[in-house]
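J.: In my numbering, the protein residues as written are 1202 to 1349.
Now the structure itself:
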């Protein structure tokens, strides 16, 4: 997990304290959505429900600041990973049209020292190309990069 910048920790602490009116160091999990919106997040109700389960894994109905901070650090990591994948996609998509075609894939792979034959490139694209258009779009690239 990456280190959360200290100014963000202070922002998160202030937000937590804003909702912790009785200064118990705990908040009801039902306030998580409001807390997230207060710090500038815009989660859907389904995301809020998932995050509630994360910060209150023992289902006590409450969560403490360290749990909230760990959850926010993970969210920051997820955003950073998404940014890295987007940058990698741009490297492959040399003409910037939003798709990686066979020529672009071959060029980047060769520059990475991967001397792939036409058949290998065809197999790779066929494996990744979910919609069957012969090119790789960002969603397909993202799924490839995030599947284990």
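We put the beta carbon where it would ideally sit given N, CA and C, even for glycine.
Going by CA-CA distance only, name the one from 1219, 1307, 1319 and 1234 that's closest to residue 1272.
T.: In the chain shown, the residue the question calls residue 1272 occupies position 71. Comparing Cα-Cα distances from residue 1272 to each of 1219, 1307, 1319 and 1234, the minimum goes to 1234.
J.: Go to residue 1263, then tell me how far its beta strand (DSSP E) extends in each direction, as first and last residue.
T.: As a working note, residue 1263 is residue 62 in the chain shown. Its beta strand (DSSP E) spans residues 1263-1265.
J.: Going by the beta-carbon positions, is the gap between residue 1227 and residue 1254 smaller than 9 Å?
T.: Within the chain shown, residue 1227 is the residue found at index 26, counting from 1. Within the chain shown, residue 1254 is the residue found at index 53, counting from 1. For residue 1227 and residue 1254, no; Cβs fall outside 9 Å.
J.: Going by alpha carbons, who is nearest to residue 1270 out of 1239, 1314 and 1214?
T.: As a position in the chain shown, residue 1270 is number 69, starting the count at 1. The residue with the shortest Cα to Cα distance from residue 1270 is 1214.
J.: Please report the residue range of the alpha helix (DSSP H) in which residue 1227 lies.
T.: Numbered from its first residue, the chain shown carries residue 1227 at position 26. Premise fails: residue 1227 lies in the beta strand (DSSP E), 1227-1229, not in any alpha helix (DSSP H).
J.: Could you spell out where the alpha helix (DSSP H) holding residue 1325 opens and where it closes?
T.: On the chain shown, position 124 is the one that residue 1325 refers to. Residues 1319-1329.
J.: Is residue 1322 near residue 1310, with beta carbons less than 9 Å apart?
T.: By 1-based counting over the chain shown, the position of residue 1322 is 121. By 1-based counting over the chain shown, the position of residue 1310 is 109. Cβ distance < 9 Å, so residue 1322 and residue 1310 count as in contact.
J.: Could you pull out every residue in the same chain whose Cβ sits closer than 8 Å to the Cβ of residue 1353, ignoring the five residues on either side in sequence?
T.: The structure shown does not extend to residue 1353, since the chain spans only 1202 to 1349, so no value can be given for it.
J.: Taking 9 Å as the cut-off, decide whether the C-beta atoms of residue 1301 and residue 1336 are in contact.
T.: If you number the chain shown from 1, residue 1301 lands on position 100. If you number the chain shown from 1, residue 1336 lands on position 135. Their beta carbons are under 9 Å apart, which means residue 1301 touches residue 1336 by this criterion.
J.: Nearest to residue 1265 by alpha carbon, out of 1232, 1317 and 1206?
T.: As a first step, residue 1265 must be located in the chain shown, where it is residue number 64. Measuring from the Cα of residue 1265, the nearest candidate turns out to be 1232.
J.: With DSSP as the reference, please indicate the residues paired to residue 1301 in a beta bridge.
T.: Start at 1 with the first residue of the chain shown, and residue 1301 comes out as number 100. DSSP lists 1337 as partners of residue 1301.
J.: Helix, strand or coil for residue 1223 per DSSP?
T.: Within the chain shown, numbered from 1, the residue matching residue 1223 stands at position 22. In the structure shown, residue 1223 sits in coil (DSSP, three-state: anything other than H, G, I, E or B).
J.: With 16 as the cutoff for other CB atoms within 10 Å, does residue 1247 come out buried or exposed?
T.: Counting from 1 along the chain shown, the entry for residue 1247 is found at position 46. So residue 1247 counts as exposed.
J.: Leaving aside the five residues before and after residue 1224 along the sequence, list all residues of the same chain whose C-beta is less than 6 Å from its C-beta, in chain order.
T.: Here the question's residue 1224 lines up with position 23 in the chain shown. So the list is empty, once near-sequence residues are dropped.
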